[in-house]
Amino acid sequence: MIERAVDEASTRRGRMFRRPSRSARAAGDVRESHGGRRLATGITIAAVFIVLAHLMHAMAMAEFYRPGPGPWPAWVALGVILAVGVVSRFVSRTLPDWLYVTLLVALILPVWLDVAATAGLLEFGVMPTAAAAAGAILMPVTAIRGTRVPPGVSIAVAAVLVVAAALQATAAGPYTVAAVAVAATACFPVLLALFCVTGFRRLARRELDLSLVQSTVGTPRSAVGMRASEELARLDFDAETLLDGVGSGRIAIPLPPDAAETAAALAARLRVRLIEGRTDTWLRHAVTESAYLSDRVTVEDPAGCAGLLSQEQRDGLLLALWLLVAAERTKRSLGPRSVTVECRETMDEFEGEVTGFDMSIEVFGLPRRRVDPATWDAIGSVGVHDVVTGADNFRIDIACRVDPHLHIGSPVARGAARSRRS
Amino acid sequence: MKRIHKERDRLLRRLARVSGLVGAASALVCLMVPGAVRPLGLAIGALLSIAVGALVGLHSARGALLPALGVVAGAAAFIVTVGLSPTANAATVTAMAVSGGVTSAAVAISLVVRPRGLLLVTGLAAVVLVSIWVTAALGGNDLRAVAVATVTGWAVCVVLGIWTDRAIADATDRIAEVGRAHEAERLASEFEAQQRQDARVLHDTVLATLSLLAHSGVGVGPSALRQQAGDDARLLRQLRLGAPLDAGSTAIFSPESDDDVLSTTFESVRQRFARMGLDVNWHGAGRLALPRETLDALLGAVGECLENVRRHSGVNEADVTVTDDDHTVRAMVTDAGTGFEPEAVDGGRLGYAESVVGRLHSVGGRARIFSSPGSGTTVMLEVPKP
């Protein structure tokens, strides 16, 4: 327990980004829980339309098929696979891996049956339909299961259909074009669905990150931060365990070397944790706890001025930083995007109370005209600002007015926090 | 407009751009197959495809309506031009199907989420279908396949747009919920951390005990050390469980600048050192009107100085004298032990620098050391009065 605490702390510094464990738990699973299921429903409906179109195509070609069962065994096979997939999805929310793989492999059957049934008939305009529909039913699979394998399978199906069309090209002439187009319908909708799903997930992750970080604006002037607070709690607990061990006689006196070392390490780290954090503010925590801000935004605020801002000002500042970081990339030549926030104390004092300070936000890698107009509104709520444009950057100077008597972190919320603990 | 809607539109426009451009390019490729259309038809088709592609780019850049209408009009014109060419065959039909079901339908993805978007999109789809019907009627070709492809394409795009919108609305709600819950978590965490940091006196004794343990309990009897460790563990457990604290232990957790509590706190420090074999004599003011932060810092620094006396001085007695004037409160920690050469000791040593100087600095105070080998040590701690 104790060793783990010390180990983790020593490796943590090298790691790029890690959410506090409570935030990580809150972030949860974007794929399933945050509206992802709704999107999967939509994609399923879209897939049904495509499958129906292919079915109509098959029926329209009915008179040109060779005598015999035609493409219908392929459609039946596809229907069976689909039914098994749908039923098992309803029975167990998570499709077992072995069944998933089996169903994907089973798609070979309709593709093969269909290609065999239509082989040599392209010159009469007869082309595969069930095989193309097999590609389309991978659309919902992409949304529900995985974003790599189903699109890959759909591309493989399309490739098979293209090869089948190419083999008949000399006889079929212009029909080859139509057959290739049908082959494309096996994979293009899946890729579109993939694009949609990844775009949606990226959006949901970013919004979630912002929402988690926005909770920092409600903290008091100087805040310990969730990660530091978690660590402090753990250090206290480890110290308690050790001291209890000594007190109850479980650990011998004089201490064995490893226990003595642990005691020294705990004392050193506890001392640091107890003293630090006095000038850390919500802004620093917001930046370090955000996956998107942490590697692009630097905060230089030795005096902890940002803690003086009111809740609205904090909201505005956080949103502005967010929009600056999130603005679309334009040219690679601009270099990496980075934002530096610097707070400077001024002599702006009234009866010994600080009533204002200067803040400057320096932005690199983003032309001023590409800034989302909402950014300026957000900055406007922080204070009166002024923009200085340089060669490859621009700087926003904000004169922040603050109310020295304002205390953020409402007693109601603190009361709630206290009652939740008991 | 809400920011999330902007993000949504950006995503939908990107989808529209991909399918629009893919559609325009594929339709053109179909025409380029030898024998599909005559050179004039190919030229017109190519021009229309390029124009449609440009309009798709324009629409997907900002989401303007006019280029989207242009895309649909261009695709319809493409269908009519290609459909009426005398060389109609499977390749031209495919080009028309792609134009109707992919290129023109692409704009539906981004248009359908506008206010009354469904109506607009239905109208546009009808325009394309009418153009197909007119082409079929005039050219005498069977274009049912094109019509089916068009209807399917538009339906797919509309569904994709609407459900993406709904999914994002759902996600926004969920995320707002998670955000609110997390805010409560953060406040609780902050409150807890604050409580822990505020339990200064407790942590001072815990740190002192841990340091003792780290040095294998030099100069302290095993039973005293056991008792001290047990007491500290019990207090830490109380702090962890948030158990109701009786008056005595409240002082241990977080001393208020209250007269009674102050003497209790002094007493607790004295007892702690007594147990470890250092007698502390307290002189001077027993009541101090200091803000809590300042008092905490001063008492913490005194505790650290006494710990240094206990460990290094070689005597088992120390004096703490507290005096104050109008501006300053001074605490002097004096011992008659071995002493040392202050210059010879690195002032940056973590113990002294952080635990004494750092604490006092944070409340605007300072510390000075007077010592020489053989004649004891005096540490003068000063904090300003409010």
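Protein sequences appear in the order of chains A and B.
Numbered according to the working numbering, the first sequence spans residues 1 to 422.
Numbered according to the working numbering, the second sequence spans residues 423 to 808.
The beta carbon of each residue, even a glycine, is placed where N, CA and C say it ideally should be.
Worksheet entry | Alpha-carbon to alpha-carbon, A/Ala169 and B/Pro456 | Here residue 456 of chain B refers to the residue found at position 34 when the second sequence is read from its first residue. Here residue 169 of chain A refers to the residue found at position 169 when the first sequence is read from its first residue. Looking at the two C-alpha atoms, the distance is approximately 13 Å.
Worksheet item: If we ignore side chains and look at the alpha-carbon of each, how far apart do B/Arg697 and B/Asn738 end up?
Response: Within the second sequence, numbered from 1, the residue matching residue 697 of chain B stands at position 275. Within the second sequence, numbered from 1, the residue matching residue 738 of chain B stands at position 316. For B/Arg697 and B/Asn738, the distance between alpha carbons rounds to 11 Å.
Worksheet entry | Residues that B/Trp555 contacts on chain A, provided the C-beta gap is smaller than 7 Å | Here the question's residue 555 of chain B lines up with position 133 in the second sequence. Those do not exist, as B/Trp555 stays about 18 Å from chain A at its closest Cβ, beyond 7 Å.
Item to complete: With DSSP as the reference, label B/Met454 as helix, strand or coil.
Response: The residue you call residue 454 of chain B lines up with position 32 of the second sequence. Residue state, collapsed to three classes: coil.
Worksheet item: When we look at the beta-carbon of B/Leu470 and count the other beta-carbons within 10 Å, is it buried (16 or more) or exposed?
Response: If you number the second sequence from 1, residue 470 of chain B lands on position 48. So B/Leu470 counts as buried.
Fill in: Alpha-carbon spacing of B/Ser507 relative to B/Gly463, whole angstroms
What you label residue 507 of chain B is simply residue 85 of the second sequence in a count that begins at 1. What you label residue 463 of chain B is simply residue 41 of the second sequence in a count that begins at 1. B/Ser507 and B/Gly463: Cα-Cα distance of roughly 7 Å.
Worksheet item: Are there 16 or more other CB atoms within 10 angstroms of the CB of B/Asp718, so buried, or fewer, so exposed?
Response: Along the second sequence, read from residue 1 onward, the residue named residue 718 of chain B stands at position 296. That one is buried.
Worksheet item: What do you reckon, are the CB atoms on B/Thr627 and B/Arg694 nearer than 8 Å?
Response: As a working mapping, residue 627 of chain B is identified with position 205 in the second sequence. As a working mapping, residue 694 of chain B is identified with position 272 in the second sequence. The answer is yes: Cβ separation under 8 Å.
Fill in: Cβ distance (whole Å) where A/Leu52 is taken to contact B/Trp585 below 8 Å
Translated into the one-based positions of the first sequence, residue 52 of chain A becomes position 52. Translated into the one-based positions of the second sequence, residue 585 of chain B becomes position 163. Rounded, the Cβ-Cβ distance is 17 Å, inconsistent with contact.
Item to complete: Measuring only between beta-carbons, confirm whether A/Gly218 sits less than 8 Å from chain B.
Response: Residue 218 of chain A sits at position 218 when you count from the first residue of the first sequence. Taking Cβ atoms only, chain B reaches closer than 8 Å to A/Gly218, which makes this a yes.
Discussion item. Using the Cβ count rule (16 or more neighbours within 10 Å means buried), how would you classify B/Glu612?
Written reply: Residue mapping note: residue 612 of chain B aligns to position 190 of the second sequence, counting from 1. Burial call: buried.
Practice prompt. Quick one: using the 10 Å Cβ neighbour count with 16 as the cut-off for buried, is B/His705 buried or exposed?
Written response: Along the second sequence, read from residue 1 onward, the residue named residue 705 of chain B stands at position 283. By the 10 Å Cβ count, B/His705 comes out exposed.
Discussion item. The beta strand (DSSP E) that contains B/Pro806, what's its start and end?
Written reply: Taking the first residue of the second sequence as 1, we reach residue 806 of chain B at position 384. B/Pro806 -> beta strand (DSSP E) spans Thr799 to Pro806.
Worksheet item: Would you say B/Gln693 reaches chain A, if we count a Cβ-Cβ gap shorter than 8 Å as a contact?
Response: For the purposes of this step, residue 693 of chain B is taken as residue 271 along the second sequence, with counting starting at 1. Chain A, which has no Cβ nearer than 8 Å to the Cβ of B/Gln693, makes this no.
Discussion item. Between the alpha carbons of A/Pro189 and A/Met139, how many angstroms are there, rounded?
Written reply: Translated into positions along the first sequence, residue 189 of chain A becomes position 189. Translated into positions along the first sequence, residue 139 of chain A becomes position 139. If I take the Cα positions, the gap works out to 7 Å.
Item to complete: Kindly list, in the order they appear in chain B, the residues whose Cβ is closer than 8 Å to that of A/Ile50.
Response: Position 50 of the first sequence, counted from the first residue, corresponds to residue 50 of chain A. Near A/Ile50 (Cβ distances below 8 Å), the residues of chain B are Thr574 and Val578.
Fill in: Same chain, Cβ closer than 6 Å to A/Asp480, neighbours up to 5 away in sequence not counted
Residue 480 of chain A is absent from the model: chain A starts at 1 and stops at 422.
Fill in: Chain-ordered chain A contacts of B/Ser611 [CB-CB under 9 Å]
Residue mapping note: residue 611 of chain B aligns to position 189 of the second sequence, counting from 1. Residues of chain A passing the Cβ test: Pro20, Arg22, Val224, Gly225, Met226, Ser229, Glu230, Ala233 and Ala417.
Worksheet item: Since B/Glu387 meets chain A, which of its residues come closer than 9 Å, beta carbon to beta carbon?
Response: It is not possible to answer for residue 387 of chain B, since the shown part of chain B is limited to 423 through 808.
Item to complete: Would you mind reading off the limits of the alpha helix (DSSP H) that contains A/Phe124?
Response: Position 124 of the first sequence, counting from 1, holds the residue named residue 124 of chain A. Run containing A/Phe124: none; DSSP gives neither H nor E here.
Practice prompt. Could you name the residues of chain B that A/Thr41 contacts, counting a contact when the two beta carbons are closer than 9 Å?
Written response: The residue you call residue 41 of chain A lines up with position 41 of the first sequence. Result: Trp585, Arg588 and Ala589.
Worksheet item: Contact check, A/Ala186 vs A/Ala136 under 8 Å by CB: the rounded distance?
Response: Stepping through the first sequence from its first residue, residue 186 of chain A is reached at position 186. Stepping through the first sequence from its first residue, residue 136 of chain A is reached at position 136. Their Cβ separation, rounded to whole angstroms, is 7 Å, which keeps A/Ala186 and A/Ala136 in contact under 8 Å.
Discussion item. So A/Cys196 contacts chain B; which residues on that side make the cut at Cβ distance below 7 Å?
Written reply: One-based indexing of the first sequence puts residue 196 of chain A at position 196. By Cβ distance, chain B contributes Leu437, Leu582 and Thr586.
Discussion item. Here's the rule I'm using: 16 or more other beta-carbon atoms within 10 Å means buried, otherwise exposed. How should B/Gly475 be labelled?
Written reply: Here the question's residue 475 of chain B lines up with position 53 in the second sequence. Label assigned to B/Gly475: buried.
Discussion item. Using only the alpha-carbon positions, how far apart do B/Gln616 and A/Leu235 sit?
Written reply: Stepping through the second sequence from its first residue, residue 616 of chain B is reached at position 194. Stepping through the first sequence from its first residue, residue 235 of chain A is reached at position 235. Going from the Cα of B/Gln616 to the Cα of A/Leu235 covers about 15 Å.
Discussion item. Any beta carbon from chain A within less than 8 Å of B/Asp668's own beta carbon?
Written reply: Within the second sequence, numbered from 1, the residue matching residue 668 of chain B stands at position 246. Per-residue confidence for B/Asp668 stands at a pLDDT of 40, beneath the threshold of 50, marking its modelled position as unreliable; the derived number appears in the next sentence. No, no contact with chain A.
Worksheet item: Which value, in whole angstroms, describes the spacing of the CA atoms of A/Thr298 and A/Arg369?
Response: Position 298 of the first sequence, counting from 1, holds the residue named residue 298 of chain A. Position 369 of the first sequence, counting from 1, holds the residue named residue 369 of chain A. In a straight line, the C-alpha of A/Thr298 is about 22 Å away from that of A/Arg369.
Practice prompt. Using the Cα positions of B/Arg788 and B/Val779, report the straight-line distance between them to the nearest angstrom.
Written response: Here residue 788 of chain B corresponds to residue number 366 of the second sequence, with the count starting at 1. Here residue 779 of chain B corresponds to residue number 357 of the second sequence, with the count starting at 1. Roughly 6 Å between the two C-alpha positions.
Item to complete: Indicate the three-state DSSP secondary structure (helix, strand or coil) for A/Gly356 in the structure shown.
Response: Residue 356 of chain A sits at position 356 when you count from the first residue of the first sequence. Strand, per DSSP.
Discussion item. Could you check if B/Leu712 belongs to the surroundings of the ligand GTP, using beta carbon to heavy atom distance under 7 Å?
Written reply: For the ligand GTP, the structure offers nothing, since it holds no ligand at all.
Worksheet item: Would A/Val86 be called buried (16 or more neighbouring beta carbons within 10 Å of its own) or exposed?
Response: The residue you call residue 86 of chain A lines up with position 86 of the first sequence. That one is exposed.
Worksheet item: Of all Cβ atoms in chain A, is any one closer than 8 Å to the Cβ of B/Leu462?
Response: Taking the second sequence and counting its residues from 1, one reaches residue 462 of chain B at position 40. No, its Cβ sits nowhere closer than 8 Å to a Cβ of chain A.
Item to complete: Look up B/Gly706 in the DSSP assignment and say whether it is helix, strand or coil.
Response: On the second sequence, position 284 is the one that residue 706 of chain B refers to. Strand at B/Gly706.
Worksheet item: With respect to the alpha helix (DSSP H) encompassing B/Met518, which residues constitute its N-terminal and C-terminal limits?
Response: By one-based count along the second sequence, residue 518 of chain B stands at place 96. Counting along the chain, the alpha helix (DSSP H) containing B/Met518 begins and ends at Ala512 to Val520.
Worksheet item: Under the rule that 16 or more other beta-carbon atoms within 10 Å means buried, what is B/Ser797, buried or exposed?
Response: Here residue 797 of chain B corresponds to residue number 375 of the second sequence, with the count starting at 1. By the neighbour-count rule (16 or more Cβ atoms within 10 Å), B/Ser797 is not buried but exposed.
Worksheet item: Within 8 Å (strictly less), CB to CB, does A/Leu266 reach chain B?
Response: For this step, residue 266 of chain A is matched to residue 266 along the first sequence. Output row for A/Leu266: interface = yes.
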